[in-house]
Each structure stands twice: as structure tokens, then as C-alpha cells.
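Each remark here refers to the structure printed beneath this line.
Okay, structure coming up:
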């Protein structure tokens with residue numbers, strides 16, 4: 002086969018897909034485009050490495066795939082199945098476009114955040130632990146209704162959490178990196194976190210882990226929360242100062258519901274394991290049945306876009322799609 | 002004090018309130034109306050029994066109060082703090098109006114229903130039980146997103162469950178006593194339950210317990226549910242055939258999340274206590290902080306309505322408000 006033209010037309014692209022099931026789930030590709038299964042080991046079936054124009058990375062672990070990308074001499078687009086894109090730009094350079102799967106995991110993670118809030122506030126976790134001992138303890142509980150909820154993180158998943166909370170009669174305050182307004186109202190900046198914490202009973206963290214957000218929910222923010230407040234983390238463990246949180250939870254002053262921890266899993270004998278007012282789930286966030294249909298839909302949309310000469314969604318690095326040719 | 006006129010004007014009514022805290026939470030009453038605390042034992046402070054025009058029943062247990070109502074010779078309105086009104090008409094006769102607190106408990110019960118769905122589907126209950134043993138078990142789970150949910154019960158709480166489910170990307174099918182349409186679409190009749198069950202992965206029950214709904218979710222409906230389906234009950238235990246449900250759950254074919262059971266609590270050694278795919282909560286439904294502000298708001302609205310010569314909301318028996326005089 003001849004080398005591909007390098008202009009933006011992508012109707013004749015060859016796309017490597019890491020999983021034959023995913024490939025067959027995609028159904029018919031746009032006319033002229035072809036997909037080949039490739040497990041990032043050796044040559045793909047039915048295409049040479051230099052014929053590959055676009056590649057979909059495996060899920061969830063991309064560590065083995067990244068070193069193989071340098072072999073794809075005509076690579077123009079890397080599409081992830083994850084929200085994060087760590088290490089990809091370093092592996093492919095600046096000229097290859099990188100698109101994330103932002104949005105694909107939002108439904109699953111956002112519903113878990115609401116589930117953790119309800120489970121902790123309403124004592125579903127306590128009841129689940131009481132059950133094998135046939136213990137029936139009825140007590141008046143905080144409802145989610147009427148709670149003042151501080152949502153730290155207003156990206157894709159944060160938006161989905163906010164959308165799901167809408168019918169629950171809460172008062173929602175949103176916090177992003179910088180103060181600004183959007184169509185839903187005001188977003189506070191993280192500099193206001195400590196002051197805002199004092200008036201909120203539920204703090205939900207869904208911000209990416211970066212140098213700026215490492216330890217963002219620190220001892221001062223936690224100390225500012227009112228007695229009995231609940232900290233929910235569905236982001237990354239290190240966004241919260243685990244030592245400070247542990248002290249507040251073990252003392253009984255705060256409650257927490259954590260799908261992510263630092264380190265993860267928590268080490269044996271960590272005090273949070275046995276704290277009655279801590280709820281720890283094993284990083285259930287994105288890994289549900291919701292993933293499969295959503296990644297298929299995203300990939301179909303992305304391939305249709307590039308076949309039509311348009312930019313794909315979720316471009317983290319624009320590559321050839323960054324020069325207005327879309 | 003002279004006897005009150007018997008026409009519909011209620012600006013000068015005397016209202017007995019069962020709890021001094023509730024009385025003070027009501028704030029100023031409509032001009033001319035007065036409230037007195039009365040614990041349904043002896044005479045109220047500041048009023049004779051025959052001066053009482055309206056009474057608010059205690060919460061949650063009304064059994065001790067009902068026999069006292071016959072002593073109120075000028076009683077015109079009974080207002081409950083519960084959704085149910087069992088036994089009141091028998092205690093006061095047909096001429097006294099009875100208004101329920103329908104709506105007051107809806108937020109709390111509806112959010113619990115969503116919390117139970119999320120906890121069971123996403124394995125929050127399993128994680129809570131694993132936690133004291135420091136066990137971290139990650140596995141792919143069903144999301145609530147994409148589930149086909151069958152909601153049995155379209156009264157006040159059913160509506161609030163439906164409203165809360167809206168942003169969760171579920172396919173909701175509603176079932177009421179009789180097939181009909183409303184502003185939200187079609188409501189199926191209970192005669193279709195068995196047929197509908199076959200195509201739904203989550204069955205949520207929030208129908209009042211009546212002769213017609215006793216055992217409504219019977220062995221045939223349960224058998225029709227697909228393997229791995231989840232049964233959530235936030236209604237009354239006896240709406241579900243507990244024996245049939247237990248068999249399906251203990252066999253591992255179905256999952257359940259029950260805030261109500263039959264009997265309640267479950268007896269010692271009942272197999273559901275130790276079923277890993279059962280989640281039992283101790284009738285947490287309506288008993289939360291959401292109750293207090295909502296009952297206060299309802300009572301304020303009801304007293305304002307009658308003071309203005311209008312019918313109160315939630316009339317279960319119209320009494321004097323039934324003749325068009327409102």
C-alpha cells in the first residue's frame with residue numbers, strides 16, 4: 002500500500018483498535034476508513050505499522066502501549082479510553098493529536114458520588130455492616146435534602162454531579178480553579194475554599210490531580226468544615242490531605258466517603274479501615290457497565306468527525322487539527 | 002369564651018399542637034387564630050377542650066391520641082404529620098375534615114430509594130461490609146445509568162423518585178393502579194406488572210399498603226424479573242411476598258435493597274440478614290432532618306388556607322370543606 006497523503010482528509014485512514022470485541026462493537030466504519038485489531042505487540046493483522054494513522058489506546062492500563070507508539074511513523078491521532086492522558090504527549094511528540102475519553106466515565110463516577118453521599122448521610126453503610134449481626138438500629142439521620150453541598154471541581158464529571166444533584170433539594174456551591182461565571186451561575190475560586198468550607202455540610206471533591214490540586218483539601222479546609230460534615234472524594238486520593246482527614250474522622254468530628262485514597266488501597270491497620278464514620282469503596286468510580294456503550298459511541302463519533310475532515314472532540318493536544326483546517 | 006360559629010370562617014380558630022417546639026417553630030399565626038400546646042392528655046394550657054377547632058396529631062405514633070379526639074366537641078379539622086391516616090375517620094366521624102402530611106416525607110423517602118439503588122448496584126454495601134476486614138475488592142459493576150427501572154407507585158413519593166432519577170440516564174417505566182396517561186407520559190396498570198418485569202433490571206416499590214397491594218409483588222412478578230435484577234422496597238414490607246423474594250435472593254438470582262420488611266424487623270436467623278446480595282436498612286425512609294422544616298411549612302400553609310376561608314391541602318376526608326364553600 003502507498004503512503005497516505007498528509008493533508009487533513011482522513012476518509013482513508015487505518016485505525017488500530019486494541020480489542021477485537023471493541024472493534025466489532027464499532028460496527029461499519031465511515032466509507033473508505035478501515036480498522037485493524039492491534040494489541041500493541043508486534044504487527045497488527047492486515048496492516049503494516051507505518052500504515053496506521055490513528056490508534057485507540059487500551060483500557061485502563063496504557064503503560065505497555067505507550068512505548069509502541071514511536072513505531073507508528075504516520076500516526077496522526079491518539080484516542081484514549083481514559084479521562085487522563087498522562088505520558089502520551091511525551092511518547093508521540095507535539096505533531097500528533099491526542100483526544101481523551103472525557104465524558105465516557107462521567108455518568109458512572111457522578112452517580113457514585115451521589116451514592117456515596119446518600120449512603121453516608123442516611124446510614125446505609127452502617128446498616129450494611131449491622132446486617133450480618135441482625136442488628137436493626139433506627140435513628141433520625143441527616144437527609145441529603147436541605148444540605149449545603151460544596152462541589153470542588155467543575156469539569157465534565159463535576160458538571161454531571163451537579164446535574165444529578167439538581168432534583169435533590171440541596172444548596173450547591175461550585176468551586177473551580179479560578180472564580181468565574183457560567184450558564185449555571187457563579188463558580189468560586191479555590192482561594193475561597195477555606196472560607197466556603199465553614200458554611201457547607203458536604204464537601205465533594207472531583208478535581209484532576211495536578212501540582213496545584215495536590216493536598217488542596219488540606220488541614221485548614223477540613224478544620225473549617227462544621228462538626229458532622231461529610232467529605233466525599235471521587236477524584237484522586239492525594240487531592241485530600243489523608244493524614245489531616247484521618248485525624249478529623251477518627252476523632253468523630255467529620256465523616257468521610259472515599260472511593261479513592263492515598264495510598265491506594267490504604268495500608269493494613271490504617272485507622273480509616275475501622276472508623277465507623279468512614280465509608281471506603283475500592284475505586285469503583287468509572288468501572289461499570291456504563292463504560293462500554295459510551296466508549297463505543299464516542300469512538301464512532303470521533304471516526305465520523307475525522308472522516309468528514311472535522312476535528313474530533315476532547316482534543317488535549319491538537320496536532321494537525323489545531324491550524325483551523327477543521 | 003363563647004362557642005364558635007359553625008360557618009367556614011376560621012380566622013378565630015383555636016388549634017391544638019402536640020409539641021411546644023413545633024408550636025414555636027410555626028411562628029406568628031394568621032390574625033385572630035390561636036394555637037395551644039396539647040399532649041392529648043387532660044386539658045390543653047389556655048383553652049378548654051370544646052374550644053378546639055383543629056388539631057395536629059403527634060408524630061409518628063398517633064395511637065394514644067386518637068381516642069382523645071372524641072372529647073373535642075367542636076373539632077372541624079384533623080391534620081396529621083404522617084402520610085397515612087389509618088383509624089382517624091373512625092375516631093372522628095364523617096363531619097370532621099382530615100388532612101394528611103402527604104409530601105412532607107417525600108424528599109426523604111425518595112432520596113433513600115435512589116440511595117438504595119446506587120448502594121446495591123455499585124456495591125457500596127459490599128464495600129461497607131468489607132471495610133472492617135480491610136478487604137479491597139474491585140470488580141466491574143452495573144451502573145444505574147442505562148438501567149431499565151420499573152417504578153411501582155406514582156403517588157407523591159413515586160413522583161419524587163421519578164424526578165430524582167431523571168438526570169441518571171435510566172429508562173423509567175411507571176406503574177399505577179390503572180393504566181392512564183399524565184403530563185410525564187404513560188402509566189401502566191398493575192395488571193401488566195408480570196409482563197413488564199421481564200424487561201426491567203430494577204423494580205422499585207412505593208405504593209401504599211392496601212388490600213389491593215398486599216402481596217402485589219408476588220412470586221410470579223419476581224420470577225419474571227431477569228437474572229441479577231434488583232428489587233427495592235421503600236413502601237411497606239407486605240407489598241412484596243417476602244417468602245418468594247427470600248427464595249430468589251438466597252438462590253443468588255435476584256438482589257434486594259429493603260427499607261421495609263414483613264415482619265419488621267426481620268426475625269432472628271431470617272436468611273435475608275446474611276444474604277450478601279440483600280441490603281436491609283432499618284426503615285430509614287421518612288425519619289430525617291428533612292421532616293422538620295417541611296412539616297412546619299405545611300402547617301403554616303394549612304392554617305393560612307383555613308384562615309382565608311379556603312380548603313387545606315391533602316384532604317383525605319373533606320368534612321366542611323367538601324360543599325363548595327371553599
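Chains as they are written, first to last, in my numbering: chain A, 2 to 327; chain B, 2 to 327.
For every residue, glycine included, the Cβ atom is placed at its ideal position computed from N, Cα and C.
Checklist entry - Relative to the C-alpha of residue 108 of chain B, which residue among B:154, B:98, B:279, B:164 is closest? => result As a position in the second chain, residue 108 of chain B is number 107, starting the count at 1. Among B:154, B:98, B:279, B:164, the Cα nearest to that of residue 108 of chain B belongs to B:164.
Checklist entry - So, are the CB atoms of residue 59 of chain A and residue 19 of chain A less than 8 Å apart? => result For the purposes of this step, residue 59 of chain A is identified with residue 58 of the first chain, where counting begins at 1. For the purposes of this step, residue 19 of chain A is identified with residue 18 of the first chain, where counting begins at 1. Yes, these two residues count as a Cβ contact at 8 Å.
Next on the checklist: Can you find the residues in the same chain that come closer than 6 Å, C-beta to C-beta, to residue 325 of chain A, ignoring five residues on each side of it along the sequence?
Outcome noted: The residue you call residue 325 of chain A lines up with position 324 of the first chain. Residue placement at residue 325 of chain A is flagged as unreliable, the pLDDT there being 47, under the threshold of 50; the coordinate-derived value follows with that caveat. No residues qualify anywhere along the chain.
Checklist entry - Starting from residue 119 of chain B and walking both ways along the alpha helix (DSSP H), at which residues does that stretch end? => result Looking up residue 119 of chain B in the second chain gives position 118. Residues 107–123.
Checklist entry - Nearest chain A C-beta to residue 186 of chain B closer than 8 Å, yes or no? => result Within the second chain, residue 186 of chain B is the residue found at index 185, counting from 1. No, no contact with chain A.
Item to check | Short-range partners of chain A found in the stretch 150–178 of chain B, where Cβ spacing is below 7 Å | outcome: 164, 165, 167, 168, 169, 170
Item to check | residue 175 of chain B in three-state terms, based on DSSP | outcome: Your numbering for residue 175 of chain B matches position 174 in the second chain. Of the three classes helix, strand and coil, the one that applies to residue 175 of chain B here is strand, per DSSP.
Checklist entry - Would you call residue 48 of chain A buried or exposed, if buried means 16 or more other Cβ atoms sit within 10 Å of its Cβ? => result As a first step, residue 48 of chain A is located in the first chain; it is residue number 47 there, counting from the start. Buried, since its Cβ has 16 or more Cβ neighbours within 10 Å.
Checklist entry - What residues in the stretch 118–152 of chain B have a beta carbon less than 7 Å from any beta carbon of chain A? => result 119, 120, 123, 124, 125, 126, 128, 129, 130, 132, 133, 135, 137, 138, 139, 141, 142, 143, 144, 145, 146, 147
Item to check | As assigned by DSSP and simplified to three states, the class of residue 207 of chain A | outcome: The residue given as residue 207 of chain A occupies position 206 in the first chain. Of the three classes helix, strand and coil, the one that applies to residue 207 of chain A here is coil, per DSSP.
Next on the checklist: Counting only beta-carbon separations shorter than 8 Å, does residue 238 of chain A have a partner in chain B?
Outcome noted: Counting from 1 along the first chain, the entry for residue 238 of chain A is found at position 237. Output row for residue 238 of chain A: interface = no.
Item to check | Supposed close pair residue 113 of chain B, residue 300 of chain B - CB separation, criterion 8 Å | outcome: Residue mapping note: residue 113 of chain B aligns to position 112 of the second chain, counting from 1. Residue mapping note: residue 300 of chain B aligns to position 299 of the second chain, counting from 1. About 24 Å; that fails the 8 Å criterion.
Item to check | Terminal residues of the alpha helix (DSSP H) in which residue 243 of chain A lies | outcome: As a working note, residue 243 of chain A is residue 242 in the first chain. Taken as a continuous stretch (DSSP letters only), the alpha helix (DSSP H) holding residue 243 of chain A covers 243–251.
Checklist entry - How long is the line joining the alpha carbons of residue 76 of chain A and residue 104 of chain A, rounded to whole angstroms? => result Along the first chain, one-based indexing puts residue 76 of chain A at 75. Along the first chain, one-based indexing puts residue 104 of chain A at 103. About 24 Å.
Next on the checklist: Starting from residue 197 of chain B, trace the alpha helix (DSSP H) in both directions and tell me its first and last residue.
Outcome noted: In the second chain, the residue the question calls residue 197 of chain B occupies position 196. Run containing residue 197 of chain B: 194–198, per the alpha helix (DSSP H) assignment.
Item to check | Cutoff 8 Å; reference residue 156 of chain B; Cβ partners in own chain excluding five residues on either side | outcome: Counting from 1 along the second chain, the entry for residue 156 of chain B is found at position 155. These residues qualify, in order along the chain: 103, 207, 208, 209.
Checklist entry - DSSP state of residue 301 of chain A, grouped into three classes? => result In the first chain, counting from the first residue as 1, residue 301 of chain A sits at position 300. It is helical.
Checklist entry - Going straight from the alpha carbon of residue 310 of chain B to that of residue 303 of chain B, what length do you get? => result In the second chain, counting from the first residue as 1, residue 310 of chain B sits at position 309. In the second chain, counting from the first residue as 1, residue 303 of chain B sits at position 302. Spanning the two alpha carbons is a distance of roughly 11 Å.
Checklist entry - Who are residue 38 of chain A's beta bridge partners in DSSP? => result The residue given as residue 38 of chain A occupies position 37 in the first chain. Its beta-bridge partners are A:18.
Item to check | 8 Å contact criterion, which residue 250 of chain A and residue 217 of chain A should meet: CB distance rounded | outcome: Translated into the one-based positions of the first chain, residue 250 of chain A becomes position 249. Translated into the one-based positions of the first chain, residue 217 of chain A becomes position 216. Not quite, the Cβ-Cβ distance comes to about 18 Å (not below 8 Å), so this is no contact.
Next on the checklist: Rounding to the nearest angstrom, what Cα-Cα distance links residue 364 of chain B and residue 213 of chain B in this structure?
Outcome noted: Residue 364 of chain B is absent from the model: chain B starts at 2 and stops at 327.
Checklist entry - Taking buried to mean at least 16 other C-beta atoms within 10 Å of its own C-beta, is residue 129 of chain B buried or exposed? => result Indexing the second chain from 1 puts residue 129 of chain B at position 128. The residue is buried, with at least 16 neighbouring Cβ atoms inside 10 Å.
Next on the checklist: Do residue 291 of chain A and residue 96 of chain B count as a contact pair if the criterion is CB distance below 8 Å?
Outcome noted: As a first step, residue 96 of chain B must be located in the second chain, where it is residue number 95. As a first step, residue 291 of chain A must be located in the first chain, where it is residue number 290. Contact: no.
Checklist entry - Is residue 94 of chain B close to chain A, meaning its C-beta is less than 8 Å from at least one C-beta of that chain? => result Residue mapping note: residue 94 of chain B aligns to position 93 of the second chain, counting from 1. Residue 94 of chain B does not count as touching chain A.
Item to check | Residue range of the unbroken alpha helix (DSSP H) whose run includes residue 166 of chain B | outcome: The sequence position of residue 166 of chain B within the second chain is 165, counting from 1. Taken as a continuous stretch (DSSP letters only), the alpha helix (DSSP H) holding residue 166 of chain B covers 157–166.
Next on the checklist: Using only CA atoms, which one of B:224, B:173, B:51, B:183 lies nearest to residue 196 of chain B?
Outcome noted: For the purposes of this step, residue 196 of chain B is taken as residue 195 along the second chain, with counting starting at 1. The option with the nearest alpha carbon to residue 196 of chain B is B:224.
Checklist entry - Where residue 234 of chain B and residue 145 of chain A are concerned, what is the direct C-alpha to C-alpha distance, given to the nearest angstrom? => result Along the second chain, one-based indexing puts residue 234 of chain B at 233. Along the first chain, one-based indexing puts residue 145 of chain A at 144. Each residue's Cα considered, the two are about 19 Å apart.
Checklist entry - Considering only C-alpha positions, which residue in the set A:201, A:106, A:193 is nearest to residue 296 of chain A? => result By 1-based counting over the first chain, the position of residue 296 of chain A is 295. Ranking A:201, A:106, A:193 by Cα distance to residue 296 of chain A puts A:106 first.
Checklist entry - Rounded to a whole number of angstroms, what is the C-alpha to C-alpha distance between residue 220 of chain A and residue 298 of chain B? => result Residue mapping note: residue 220 of chain A aligns to position 219 of the first chain, counting from 1. Residue mapping note: residue 298 of chain B aligns to position 297 of the second chain, counting from 1. In a straight line, the C-alpha of residue 220 of chain A is about 38 Å away from that of residue 298 of chain B.
Checklist entry - Secondary structure at residue 12 of chain B, three-state DSSP: helix, strand or coil? => result Position 11 of the second chain, counted from the first residue, corresponds to residue 12 of chain B. DSSP places residue 12 of chain B in coil when its eight states are reduced to three.
Checklist entry - Within 8 Å (strictly less), CB to CB, does residue 226 of chain B reach chain A? => result Here residue 226 of chain B refers to the residue found at position 225 of the second chain. Not one chain A Cβ lies under 8 Å of residue 226 of chain B.
Item to check | Same chain only: Cβ atoms within 8 Å of residue 54 of chain B, ignoring 5 sequence neighbours per side | outcome: The sequence position of residue 54 of chain B within the second chain is 53, counting from 1. Around residue 54 of chain B: 5, 11, 14, 15, 16, 75, 76, 77, 78.
Checklist entry - Among B:136, B:307, B:122, which one has its Cα closest to the Cα of residue 289 of chain A? => result Counting from 1 along the first chain, the entry for residue 289 of chain A is found at position 288. When each option's Cα is compared against that of residue 289 of chain A, the closest is B:122.
Next on the checklist: Could you check whether the Cβ of residue 109 of chain B sits closer than 8 Å to any Cβ belonging to chain A?
Outcome noted: Position 108 of the second chain holds residue 109 of chain B. Chain A contact via Cβ: present.
Checklist entry - Taking the DSSP output, what are the residues bridged to residue 289 of chain A? => result In the first chain, counting from the first residue as 1, residue 289 of chain A sits at position 288. Answer is B:142, bridged to residue 289 of chain A.
Checklist entry - Across which residues does DSSP place residue 281 of chain A in a beta bridge pair? => result Start at 1 with the first residue of the first chain, and residue 281 of chain A comes out as number 280. A:259.
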